[in-house]
Amino acid sequence: MTVLYVDDESIPRIIFDKIFGSKYTTLMAESGPDALEKLAALEDDLTVVITDMRMPGMDGVDFLTEAHKKYNNLACFILTSMDEDEKIHQAVKDNLIEKVFHKPLNASEVEAAIEVAVSRVA
């Protein structure tokens, strides 16, 4: 299983890889378009996608919307520092996002959500 982490800032990507790189195959992307390219190169196994919401050009919901048009095997999560965002709430209602994580990242919460997503599909 591969976990794709998308964030326009390098430090959160480094931290995520240090926390989860020994448990999962981790891929890092710095933007929505970069992440779409990485998804296209993956095999057809389950992929967990965790994306930041606020990124220049393409926000997290827009990226996940595009990803879901092309790939059916995604378990998607979003990471945000915003308390209330209607776009995120709508994406949850539309089953585009399985769970919303709030910054700062809680590693045990993220790992538990990944394990639930994997067990549901396996």
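-18 is the number of the first residue of the sequence shown in my numbering; add one for each residue after it. Glycine is no exception: its CB is placed at the ideal position from the N, C-alpha and C atoms. As the structure is a computational prediction, the values presented were derived from the model and not from experiment.
Nearest-angstrom Cα distance between residue i and residue j?
i, j, result
"T28", "A10", "14 Å"
"I95", "T7", "12 Å"
"I31", "V(-13)", "6 Å"
"Y5", "T(-17)", "6 Å"
"P37", "E(-10)", "11 Å"
"L77", "D66", "15 Å"
"K80", "D15", "22 Å"
"K50", "K74", "17 Å"
Mind checking if residue i is an interface residue toward chain C, Cβ cutoff 7 Å exclusive?
i, result
"P37", "The question asks about chain C, but that chain is absent: this structure has only one protein chain."
Quick one, which of the options has its alpha-carbon nearest residue i's?
i, options, result
"G13", "L77, D43 and H83", "D43"
"F82", "F58, D66 and Q71", "F58"
"E33", "E47, P(-7) and S100", "In the sequence on display, residue 33 carries Asp and not Glu. Closest option to D33, Cα to Cα, is P(-7)."
"T61", "L17, E24, G41 and L23", "G41"
"R35", "I(-5), I69, K50 and K51", "I69"
"F1", "S89, V97 and A98", "S89"
Would you call residue i buried or exposed, if buried means 16 or more other Cβ atoms sit within 10 Å of its Cβ?
i, result
"V97", "exposed"
"A22", "exposed"
| task | May I have a chain-ordered list of the alpha helix (DSSP H) segments no shorter than 4 residues that lie completely inside the stretch 15 to 100? | result | 41 to 51 and 67 to 74
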